[in-house]
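S.K.: Handing you a structure now.
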Amino acid sequence: MRLNPSILLLLNLVCWVFSPTRVEGAGQKPLFTESAVPLPPGVLEAQIGVEFLRNQSFPFSTPSTDFNRDLWKILTFGLHLGLDKRTELQLDYDLLYLNEEAPGVGQEFGSGDLRIFTKIQILGDAPTHPALALRIGTKLPNANDEARLGTNETDFLSALLVTKFYQRMAFHANVGLAILGSPNQPTLQDDLLLFGFAALLPAFDAFHWVMEVEGQALSRKNNDVATLRLGFQVKTGEVQWYLGGGVGLTDQA
């Protein structure tokens, strides 16, 4: 097991496009496990952040072929919009800086990938059952694979989301499937099991502790990843601040 720290700092701005109602579907970051509760209709959530990943393995590579690969997401930007009471549209994009001790690579700066997802709620949270939702989407091939900023492949992902609220606490579970294209062999793909388990625990009204274990498993091409992540959220009016850190629990994390 290799412990690879990551740090995530995010500013999350929730904009009420039509009506200033309380947003129960907002506020997952710095977690990557998704809530089964979509944003209310007409609510736009903008996310701006910075993330640092130390010794980050390149997809479809082995640890022996990675050379102290440190990756900065110097801008993580997301726009999430509630389309109706059961549907949310998500757009996420990264701007990357790579520092890698590898032949022909060194330092690189460039575009990350654009990710487009739709979240559709099936059931709302109730005393007899948790909230359920389906999240489906794709990662577009915007990042340069020759610079090792990304795979330059289109990936497809889907997951079942489960959320249960208990008093002021929230618990989330995700399980799904990812189909990743290989940058080395155009006809090769890797089918992965996605998983995530998270909890949001209130300390007081404007402060929440957050924790999760999330990643992907059952890879045939060295893409197994698991990360333990801890952090907190601070809410000030319509702005939410996040800070989180994590350690990789696998060689590829």
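What the sequence shown shows, in the working numbering, is residues 15 to 267, in sequence order.
Backbone N, C-alpha and C define an ideal beta-carbon position, used for all residues, glycine too.
1) Should Q199 go down as buried or exposed, given a rule of 16 or more other Cβ atoms within 10 Å for buried?
2) With distances taken Cα to Cα, identify the nearest neighbour of L194 among Q230, T90, L110.
3) Please give the ranges of any beta strand (DSSP E) in the region 35-71, keeping only runs that are unbroken, at least 3 residues long and fully inside the region.
4) Using alpha carbons as the reference points, say which of N158, D205, E122, P155 lies closest to G172.
5) Tell me the rounded alpha-carbon separation between F209 and E228.
6) Let me check understanding here. Comparing Cα to Cα, which of E65, E59, A60 lies closest to G258?
7) Out of I136, D139, K87, point me to the one whose CA is closest to F123's CA.
8) Just how far apart, CA to CA, sit A220 and H94?
9) Just the C-alpha distance for F211 and V119, rounded to the nearest angstrom, thanks.
10) Can you tell which of I134, L215, Q203, D238 has the C-alpha that lies nearest to the C-alpha of L174?
11) Beta-carbon separation of T152 and P197 under 9 Å?
12) Using three-state DSSP, classify D265 as helix, strand or coil.
13) Give the secondary structure of T241 by DSSP, where H, G and I count as helix, E and B as strand, and everything else as coil.
14) Specify, as a first and last residue, the run of the beta strand (DSSP E) that T90 falls within.
15) Closest to T47 by CA distance: which of F246, H186, T264 is it?
16) Compare the C-alpha of S97 against each of L148, L58, P73 and name the closest.
17) Give me the DSSP bridge partner(s) of G124.
18) Quick check on W30: buried or exposed, where buried means 16 or more other Cβ atoms within 10 Å of its Cβ?
19) My output table needs one value for V189: the three-state DSSP class, helix, strand or coil.
20) With a threshold of 6 Å on Cβ separation, who are the neighbours of L278 within its own chain once the five nearest residues in sequence on each side are excluded?
21) Just tell me which of A60, D139, L191 has its CA closest to the CA of A184.
22) Looking only at C-alpha atoms, which of I136, F72, P73 sits nearest to P52?
23) Please return the same chain residues whose Cβ sits closer than 6 Å to the Cβ of R83, not counting the five positions on each side in sequence.
24) Kindly indicate which residue of A192, V176, V248, A50 has the alpha-carbon position closest to the one of T101.
25) So what does DSSP say about A161, is it helix, strand or coil?
26) Give the DSSP-derived three-state secondary structure of Q135 in the structure shown.
M.R.: From the atom records:
1) Its Cβ having fewer than 16 others within 10 Å, Q199 is exposed.
2) Among Q230, T90, L110, the Cα nearest to that of L194 is on Q230.
3) Complete beta strand (DSSP E) runs here, min 3: 57-67.
4) Checking the displayed sequence, the identity of residue 172 turns out to be Ser instead of Gly. Looking at the Cα atoms, D205 is the closest of the given residues.
5) Their backbone Cα atoms lie some 6 Å apart in a straight line.
6) Ranking the options by Cα distance to G258, first place goes to E65.
7) The shortest Cα separation from F123 among I136, D139, K87 belongs to K87.
8) So the two alpha carbons sit approximately 22 Å from each other.
9) About 35 Å.
10) With distances taken between Cα atoms, L174 lies closest to I134.
11) For T152 and P197, no; Cβs fall outside 9 Å.
12) Of the three classes helix, strand and coil, the one that applies to D265 here is coil, per DSSP.
13) In the structure shown, T241 falls within a strand segment according to DSSP collapsed to helix, strand and coil.
14) 84-98 is the span of the beta strand (DSSP E), which, as asked, contains T90.
15) Comparing Cα positions, the closest option is H186.
16) The sequence given here has Leu at residue 97, not Ser. Of L148, L58, P73, the residue nearest in Cα terms is L58.
17) DSSP lists L110 as partners of G124.
18) Residue confidence is low: W30 scores 39 on pLDDT, short of 50, so the model does not pin down where it sits. Its coordinate-derived value is still stated next. When all chains shown are included, W30 counts as exposed.
19) Three-state result, V189: strand.
20) Since the first and last residues shown for the chain are 15 and 267, residue 278 lies out of range.
21) Comparing Cα-Cα distances from A184 to each of A60, D139, L191, the minimum goes to D139.
22) For the residues I136, F72, P73, the minimum Cα distance to P52 belongs to I136.
23) If we look at R83 and ignore the five residues flanking it on each side, its Cβ neighbours are Q70, E114.
24) Distances from the alpha-carbon of T101 to those of A192, V176, V248, A50 put A50 closest.
25) A161 falls in the coil class under three-state DSSP.
26) In the structure shown, Q135 adopts extended strand secondary structure according to DSSP, grouped into three states.
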